[in-house]
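Quick notes on the structure that follows.
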Amino acid sequence: MHSRLLCACGLIRHFAGFQDYFKTFTGPNHLATVWLRLALGWRRRGRKSMKIVAGNSNRPLAESIAAYCDSPLTNATIRRFSDQEVFVEIHENVRGEDMFLIQSTSFPANDNLMELLVTLDALRRASAKRVTAVIPYFGYARQDRKPGPRTPISAKLVANLITSAGADRVLTLDLHAGQIQGFFDIPVDNLISAPVMENDIREKFPRDNLIVVSPDVGGVVRARAIAKRIDADLAIVDKRRERAGVSEVMNIIGDVR
5 MHSRLLCACG LIRHFAGFQD YFKTFTGPNH LATVWLRLAL GWRRRGRKSM
55 KIVAGNSNRP LAESIAAYCD SPLTNATIRR FSDQEVFVEI HENVRGEDMF
105 LIQSTSFPAN DNLMELLVTL DALRRASAKR VTAVIPYFGY ARQDRKPGPR
155 TPISAKLVAN LITSAGADRV LTLDLHAGQI QGFFDIPVDN LISAPVMEND
205 IREKFPRDNL IVVSPDVGGV VRARAIAKRI DADLAIVDKR RERAGVSEVM
255 NIIGDVR
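The opening position of the sequence shown corresponds to residue 5 in our numbering, with each subsequent residue numbered one higher.
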């Protein structure tokens, strides 16, 4: 019972969103390794002129990737004026370079999103050959459809902004909805964390008496993928959201006893 609850709580936190994790990251771990291997893979495929730029949302992660790739971070200044406008200045030549900008749009989502857009524009105007936006946590992804009349599809708007700002490609992790890839007119790589989660669960929890819990219907596909990998049972939480930030669990589908 204890192992089931621990596993369930860990997965619920995982599926609820990565913003807190990526914001507080300060050292090597399994999920960060996904990005380290990814960046290294791009370099191994012949991109000798790869350069990495770090936003302020998760600088420790960017520094780890840069160290793993033996590629120092590009010298850049990202600061704010007294009225909180974002200002970006690239202090070295990036003309003709293959640039990777690492910037989550996690909390505070609007500030980090604007920083991403302004930095993309700066790199494009500096004549970078190609700019890849590495967005570990993709903010506004939950607004992928109209929940009612006269409401926006904000995920599509953000996709348009990122493309218009100068991104040639987007790398992200476990989008809230896979169809968001179709909101972009540029290539999008949506990495799946299931293999990484599988290893982490196998290392930290007993291999018997495990159950994977999806906190809502939207997470069933991802929860099922992990459950299949570790040969565990699956449970689903049926909840109703009364208003923003407030939800009530109505039923639990599956045996968690």
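Ideal Cβ positions, reconstructed from N, Cα and C, are used throughout, including at glycine.
Does the Cβ of residue i have 16 or more other Cβ atoms within 10 Å, making it buried, or fewer, making it exposed?
i: Q107; result: buried
i: G152; result: exposed
i: K55; result: buried
i: N79; result: exposed
i: F135; result: It is worth fixing the name first, because residue 135 is Val in this sequence and not Phe. Counting Cβ neighbours within 10 Å, V135 comes out buried, since at least 16 surround it.
i: R226; result: buried
i: N116; result: buried
i: P112; result: exposed
i: G143; result: buried
i: T28; result: For T28, the pLDDT reaches just 41, beneath the cut-off of 50, and the residue's location in the model is therefore unreliable, leaving the point undetermined.
Measure the alpha-carbon distance for residue i versus residue j and round it to whole angstroms.
i: V192; j: V162; result: 14 angstroms
i: L77; j: G223; result: 35 angstroms
i: T123; j: S168; result: 12 angstroms
i: N114; j: Q88; result: 12 angstroms
i: A171; j: L238; result: 38 angstroms
i: A130; j: S53; result: 15 angstroms
i: D220; j: P199; result: 21 angstroms
i: Q185; j: V260; result: 34 angstroms
i: S218; j: A70; result: 34 angstroms
i: Y65; j: N255; result: It is worth fixing the name first, because residue 65 is Leu in this sequence and not Tyr. Taking the straight line joining both Cα atoms gives about 38 angstroms.
i: T176; j: N194; result: 5 angstroms
i: Y72; j: Q183; result: 32 angstroms
i: R63; j: S86; result: 22 angstroms
i: R84; j: D74; result: 30 angstroms
i: K232; j: K243; result: 24 angstroms
Using 9 angstroms as the threshold, is the C-beta distance between residue i and residue j below it?
i: I190; j: R173; result: yes
i: T109; j: S61; result: yes
i: V241; j: I230; result: no
Quick one: residues in its chain with C-beta nearer than 8 angstroms to the C-beta of residue i, no 5 flanking neighbours on either side, listed in chain order?
i: E119; result: G59, N60, S61, I82, V90, V92, Q107
i: L121; result: L165, I166, A169
i: L127; result: V57, I94, V98, M103, L105, V135, G170
i: A20; result: Here A20 scores only 39 on pLDDT, less than 50, and its place in the model should not be relied on; the value that follows carries that caveat. Closer than 8 angstroms at the Cβ level, and outside the excluded window around A20, lie P219.
Please list, in chain order, all residues of the same chain as residue i whose beta carbon is under 7 angstroms from its beta carbon, the five residues on each side excluded.
i: R228; result: L238
i: I196; result: D178
i: A236; result: L214, I215, V216
i: F187; result: A159, K160, A163
i: E101; result: S53, K55, A132, K133
i: I234; result: E202, I205, R206, L214
Short of 6 angstroms in beta carbon distance, which residues of its chain neighbour residue i, apart from the five on each side in sequence? Order them along the chain.
i: F104; result: I56, T136, V138
i: H180; result: A145, R146
i: D125; result: A169, G170
Relative to the ligand COA, is the shortest distance from any of its heavy atoms to the C-beta of residue i smaller than 8 angstroms?
i: V174; result: This structure lacks the ligand COA; in fact it carries no ligand of any kind.
Subject >> Sufficient close CB pairs (3 or more, under 8 angstroms) joining the region 152-159 to the region 199-206 >> reply: no
Original post:
Are there three or more Cβ pairs, one per stretch, closer than 8 angstroms when the region 93-100 is compared with the region 136-151?
Top reply: no
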